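Using our numbering, the first residue of the sequence shown is number 9, and each one after it goes up by one. What follows is one structure encoded as structure tokens, with my remarks underneath.
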Amino acid sequence: MNWILLIIGGLFETGFATCLGKAQETSGRESYFWWAGFAISLFLSMFLLYKAISVGASPIPVGTAYAVWTGIGAVGAVFMGIFIFNEPATFWRIFFVFTLIASVIGLKVVSN
């Protein structure tokens, strides 16, 4: 269950990074909605990370949980940047994103 909480928290991390980018692009009333999305996503992301490292019969070690959480957020932010913000999708960028994904999976496999 803690791994599910951690993955969902990582997705919310992607959400707060995306909302932050959109908030910077907009102005007025629309900007406030993106800032609200940022604040809500930030809170939920941190809360789920906290729950994953502190609750249940087998909490995830802090170092592993933080690395996986930020890895999910980083990969998600790169993909959101490519698909929403029209950032370049070069070979090396995609290569290193998949290297990061492999590292996150490796941490999951070797953790207790």
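Yeah, the Cβ is synthetic: ideal placement off N, Cα and C, and Gly gets one too. Please read all numbers here as calculations on a predicted model, not as lab measurements.
- Taking the CB atoms as reference points, tell me whether alanine 60 and asparagine 10 lie closer together than 8 Å. As a working note, residue 60 is residue 52 in the sequence shown. As a working note, residue 10 is residue 2 in the sequence shown. Yes, the pair counts as a contact, with Cβ atoms nearer than the cut-off.
- When the distance is taken between beta carbons, is leucine 56 closer than 8 Å to leucine 13? Looking up residue 13 in the sequence shown gives position 5. Looking up residue 56 in the sequence shown gives position 48. In terms of Cβ geometry, leucine 13 and leucine 56 form a close pair [threshold 8 Å].
- Item | Cβ contact check for the stretch 83-94 and the stretch 21-30: 3 or more pairs under 8 Å | The answer is yes - the stretch 21-30 touches the stretch 83-94, with three or more Cβ pairs under 8 Å.
- Where does valine 105 sit, in a helix, a strand or coil, going by DSSP? By one-based count along the sequence shown, residue 105 stands at place 97. The answer is helix: DSSP assigns valine 105 an H, G or I state.
- Query: Roughly how many angstroms lie between the CA atoms of glycine 17 and threonine 78, to the nearest whole one?
  - Reply: Here the question's residue 17 lines up with position 9 in the sequence shown. Here the question's residue 78 lines up with position 70 in the sequence shown. Going from the Cα of glycine 17 to the Cα of threonine 78 covers about 10 Å.
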